[in-house]
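So the sequence shown is numbered by our numbering: it starts at 280 and just counts up by one. In this text, a Cβ means the ideal position worked out from N, Cα and C, and glycines have one as well. Here the structure comes first, spelled out in structure tokens, and everything after it is commentary.
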Amino acid sequence: MSGRAAPFYCPYCGDEDLRPHETGHGAWECASCNRAFQLKFLGLLTRGLQRNEVEGDGI
């Protein structure tokens, strides 16, 4: 795995015509609506999965 995930749709117009933007890692541009945006992974949440003891094993 390259460590880089690509978005499938533009978050503004929903089009699929996306290309990497020249500003660097995580930056994308949409050829349809002419917008540039950046995606960033913040990290994993510490709470994880929680068990539901009332209904048994729900997980």
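Spatial neighbours of residue i in its chain, beta-carbon cut-off 8 angstroms, leaving aside the 5 residues before and after
i	result
K319	G305
Cβ neighbour criterion (16 or more within 10 Å) applied to residue i
i	result
C312	exposed
M280	Bear in mind that a pLDDT of 43 at M280, under 50, signals an unreliable position, so the number given afterwards is only what the model happens to contain. Its Cβ having fewer than 16 others within 10 Å, M280 is exposed.
C309	buried
8 angstroms contact criterion, which residue i and residue j should meet: CB distance rounded
i	j	result
R236	Y291	Nothing about residue 236 can be reported from this structure: the residues present for the chain run from 280 to 338 only.
Counterpart residues of residue i in DSSP-defined beta bridges
i	result
L297	C309
F316	W307
Reference residue i, options the options, closest by Cα
i	options	result
T302	F316, E295, A285 and G322	F316
Contacts around residue i, its chain only, beta-carbon distance under 7 angstroms, and the 5 residues preceding and following it disregarded
i	result
E295	F287 and Y288
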